[in-house]
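To convert, count from 1 in the sequence shown and add 667; that's our numbering. Notes for the one structure printed next.
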Amino acid sequence: MPMTVTAAPIRRLLVANRGEIARRVFRTCRDLGVETVAVFSDADADAPHVAEADHAVRLRGVRPADTYLSVEKIIAAARAAGADAVHPGYGFLSENAAFARAVPEAGLTWVGPPAGAVAAMGSKIEAKALMAEAGVPVLPGFVAGPGYSMDDLEGDLDAVFARMGGTASGWAVPLLVKASAGGGGRGMRVVRLVDDLPEAVESARREAASAFGDGTVFVEPLLEGARHIEVQLLADGHGTVWALGERECSIQRRHQKVVEETPSPAISPATRARLLDAAVTAARAIGYVGAGTVEFLVRDETVAFLEMNTRLQVEHPVTECVHGVDLVEWQLRIAEGARLPASPPEPSGHAVEVRLYAEDPARDWLPQSGVLHRFEVPGVDSRFAPVPGGRHGLRLDSGVEDGSEIGVHYDPMLAKVVSYGASRSDAVRRLAAALAGARIHGLVTNRDLLVEVLRHPAFLAGDTHTGFLEEHGLTGTGSSAGSSDGSSTGSSDEQGSADPVEPGRGRPEVVRLSALAAALAGAAANRAAATVQAGLPSGWRNVVSQPQRTAFAEAGISYRITRDGLRAEGFPDTVLVGATSSLVVLETSGVRHRFAVARYDGVTHVDSPLGSVRLTPLARLPEPVEHVLPGSLVAPMPGTVLRVDVKTGEAVGAGQVVVVLEAMKMEHRIVASAPGTVAAVNVTPGRQVEAGAVLAVIEEQA
668 MPMTVTAAPI RRLLVANRGE IARRVFRTCR DLGVETVAVF SDADADAPHV AEADHAVRLR
728 GVRPADTYLS VEKIIAAARA AGADAVHPGY GFLSENAAFA RAVPEAGLTW VGPPAGAVAA
788 MGSKIEAKAL MAEAGVPVLP GFVAGPGYSM DDLEGDLDAV FARMGGTASG WAVPLLVKAS
848 AGGGGRGMRV VRLVDDLPEA VESARREAAS AFGDGTVFVE PLLEGARHIE VQLLADGHGT
908 VWALGERECS IQRRHQKVVE ETPSPAISPA TRARLLDAAV TAARAIGYVG AGTVEFLVRD
968 ETVAFLEMNT RLQVEHPVTE CVHGVDLVEW QLRIAEGARL PASPPEPSGH AVEVRLYAED
1028 PARDWLPQSG VLHRFEVPGV DSRFAPVPGG RHGLRLDSGV EDGSEIGVHY DPMLAKVVSY
1088 GASRSDAVRR LAAALAGARI HGLVTNRDLL VEVLRHPAFL AGDTHTGFLE EHGLTGTGSS
1148 AGSSDGSSTG SSDEQGSADP VEPGRGRPEV VRLSALAAAL AGAAANRAAA TVQAGLPSGW
1208 RNVVSQPQRT AFAEAGISYR ITRDGLRAEG FPDTVLVGAT SSLVVLETSG VRHRFAVARY
1268 DGVTHVDSPL GSVRLTPLAR LPEPVEHVLP GSLVAPMPGT VLRVDVKTGE AVGAGQVVVV
1328 LEAMKMEHRI VASAPGTVAA VNVTPGRQVE AGAVLAVIEE QA
């Protein structure tokens, strides 16, 4: 596309962000010949985005408020590195109007919308009022500020439900408490009972204040069964506004998107036209310039404005694939004064993106921290950019590499994996296969859950909405896909089946067969390291004695290597074809399977076409461990104690909140598992705790 630059070209760009966000912007800068500047906290000193930048400036500290959220430090870093422009990324300061003002005031080019547009959309409360005035459809709602009374609240609720065509009595329609500033699911709570609303508001206020520096929240009806649809905008400083189609973002957990696609599989042409028109109206109403997104809820033919993100979105790659544009390049060009052509490029094909997180769906999406030993996604055609030549393929935007340390201070997203195909079915099938075949070692992730979603009949039919995971029982607990470590797979009595093994992630027979492969690989490693009679099979005896045993937390394995081959308990039809320390080939009921085995300190990973299994080896002679009293409530991860809701001697009920922790930018509620009495409280607000620390002890009722 021809373009004319009317301002000074950008020479050196600082990206005020981290991880895959910074790496994504750096990729386009390399293509354009623009030098790059990274900023990094103490915790990110060895992060990939730091190594990839031409220049890097350390921001002393680890907390976001002291580093990536510090306007003064970012501006100082730009000056120190000789940058002439700043890109805010997407997250942290990207929607901070004060930052949008401070950058130009410092004599730097701002790669983003005008500060006035950021301010107009920075408060969701004010944004809704502005959109309603401009004619954009909105849901009714009200602000729940500090000190509100239940009497006032009741009146507000009656007014809201009257506009919805009903009343608040019986709470037939649930409510959503939402932070006025920020996004990403933080500061959001679903409320179904009136008695729960005050606590939900206060909890959302705390989380929003911590994440965004603004604890204001508002309350509006929750349209259950609605689709979350957003429209990508691109606007220049000369009055041209593009609406680059819609994205379906309905698959969510904790109100945060995990699967996105374009185009939506179930939006009618008439509804699409309404969405695009409303998005352009919203952009023009605030004088928007840059790459932003307008988000809507859509149920049947009802369209309701949610918010406008004045920044680039995490899911922007799907739009880039389908429209053949580089949105970051256009951000830079627009900042340099370029004009957009009169109309956007026509869309072609279908793109689907998933967000891969270090989290455990089976434990209420608990974020994970530690070393990512290996991260390999097969079949990747491009990284951080559309597939070359507009071909169909697989794109990876990742903030991590092999050996990356996943800390507790930032969001646990590892990567975005994007598939682009001629049709939706082509894109979904390739993406599911790539995820299933990925080797992700060291941490529990949501990978298996994503695979199950992509292969679910309802998803394949396009029948998605914001309650999809809950409706189909994919919220983690009890879901076979939710256990990335294969631990929730049934009792050992069920695991000796001699039936042919079929693909199925988390199936008991897959876990046991993988454990057998891990045991045989371990034996092969021992024989390879042996200094005496290394050529003999593992565990060889002239006279048959006890079988060899290998114990994992997920499965126990007992086997012998005899003159006639492998004899493994519970595997009557399994034949050992070959084994090395890293690869085992087993034949089960006439079908051969290859198992890649990788061992690390305290964990073994087994990858095969049947599924990826994470095993925890058990020591033959375990070291003594500290005894934890029954009823102890322990910290699931390192964090900061925000609140202690009980006192020693107080009676508590099952599910009652005892302690609230903050970790990885989220609040985590530690609750009593059963009724009882508080025997001890070991922490106070503000205290830092390590994973496994005993926070309180509940003496359960007999």
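We put the beta carbon where it would ideally sit given N, CA and C, even for glycine.
Minimum C-alpha distance to residue i - residue among the options
| i | options | result |
| --- | --- | --- |
| Lys845 | Val884, Val1085 and Glu1020 | Val884 |
| Gly1257 | Thr1241, Asp1268 and Ser1248 | Thr1241 |
| Leu1007 | Ala946, Glu1026 and Leu900 | Leu900 |
| Ile688 | His983, Gly1016, Ala1222 and Ala1182 | His983 |
| Gly1359 | Pro1214, Ile1337, Arg1261 and Glu928 | Ile1337 |
| Thr1112 | Glu1043, Pro1034 and Glu1068 | Pro1034 |
| Ala1052 | Ala683, Asp698 and Pro676 | Asp698 |
| Gly882 | Leu890, Leu1300 and Ala871 | Ala871 |
| Ala658 | Ala794, Ile1001 and Gly686 | Only positions 668 to 1369 of the chain appear in this structure, which leaves residue 658 out of reach. |
| Gly1016 | Ala796, Pro932 and Tyr757 | Pro932 |
| Lys1314 | Gly1343, Val1244 and Cys696 | Gly1343 |
| Leu994 | Leu979, Ala1184 and Gly1004 | Leu979 |
| Val858 | Glu1138, Ala1188 and Glu887 | Glu887 |
| Ala952 | Met788, Ala1100, Arg1354 and Pro1214 | Met788 |
| Gly912 | Val926, Ser935, Val925 and Ala893 | Ser935 |
| Glu1329 | Thr1307, Glu1317, Ala1341 and Ala1339 | Thr1307 |
| Pro1214 | Glu1221, Ala1220, Ala1196 and Ala1190 | Ala1190 |
| Ala718 | Val1067, Tyr757, Val1348 and Gly1316 | Val1067 |
| Tyr955 | Leu1285, Val970 and Pro780 | Pro780 |
| Pro676 | Ser1249, Gly1004 and Glu1357 | Gly1004 |
| Pro731 | Ala764, Gly880, Ala1302 and Ala796 | Gly880 |
CB contact below 8 Å: residue i versus chain B
| i | result |
| --- | --- |
| Ile741 | In the displayed structure, chain B is absent; only one protein chain is listed. |
Neighbour-count burial assignment, residue i, 16 or more Cβ in a 10 Å radius
| i | result |
| --- | --- |
| Val692 | buried |
| Gly636 | Residue 636 is absent from the model: the chain starts at 668 and stops at 1369. |
| Asp967 | exposed |
| Arg1216 | exposed |
| Glu874 | buried |
| Ser1164 | For Ser1164, the predicted structure reports a pLDDT of 33, less than 50, and the residue's modelled location is therefore unreliable. The matter cannot be settled from this model. |
| Pro1352 | exposed |
| Gly837 | Summary for Gly837: the model assigns pLDDT 39, below 50, so the residue's position carries little reliability; its value from the coordinates is reported in the next sentence. With fewer than 16 Cβ atoms within 10 Å of its Cβ, Gly837 is classed as exposed. |
| Asn1193 | exposed |
| Pro1012 | exposed |
| Tyr1267 | exposed |
| Thr1229 | exposed |
| Gln998 | buried |
| Pro1026 | Pro is not the amino acid found at residue 1026; the sequence shown has Glu there. Buried, by the Cβ-count rule. |
| Val1311 | buried |
| Arg727 | exposed |
| Asp1166 | Low per-residue confidence applies at Asp1166: pLDDT is 39, beneath 50, and the placement is therefore not dependable, though the value from the model is reported in the following sentence. It is exposed - the Cβ of Asp1166 has fewer than 16 other Cβ atoms within 10 Å. |
| Ala767 | buried |
| Asn684 | buried |
| Ser1340 | exposed |
| Ala945 | buried |
| Glu1221 | buried |
| Asp825 | exposed |
| Val1345 | buried |
| Ala937 | exposed |
| Asp819 | exposed |
Bridge-paired residues (DSSP) for residue i
| i | result |
| --- | --- |
| Leu726 | Ser708 |
| Gly1232 | Thr1229 |
| Gln899 | Thr960 |
| Asn976 | Thr960 |
| Phe1042 | Ile1107 |
| Lys1083 | Arg1022 and Asp1064 |
| Gln998 | Paired residue(s): none; Gln998 is not in a bridge. |
| Leu1007 | Bridge partners of Leu1007: none, in fact. |
| Ala1318 | Thr1344 |
Proximity test, residue i beta-carbon vs the ligand COA heavy atom, cut-off 7 Å
| i | result |
| --- | --- |
| Arg727 | As presented, the structure is devoid of all ligands, the ligand COA included, so that no description of it is given. |
Runs of 4 residues minimum, wholly inside the segment 761-819: which ones carry the alpha helix (DSSP H) assignment? 764-772, 782-789 and 791-801
Within the chosen definition, does the segment 1077-1085 reach the segment 978-996 through at least 3 CB pairs nearer than 8 Å? yes
Those runs of the beta strand (DSSP E) which lie wholly inside the segment 1250-1291 and span at least 3 residues: 1250-1255, 1258-1267, 1270-1275 and 1278-1282
Are the segment 862-876 and the segment 904-921 touching, with three or more C-beta to C-beta distances below 8 Å? no
Using a Cβ distance threshold of 8 Å, determine whether the segment 700-709 contacts the segment 771-780, with at least three qualifying pairs required. no
State whether the segment 1178-1190 contacts the segment 1264-1283, with contact taken as three or more CB pairs (one from each stretch) at a distance under 8 Å. yes
Evaluate the contact criterion for the segment 1103-1112 versus the segment 1038-1050: three or more CB pairs, one atom per stretch, below 8 Å. yes
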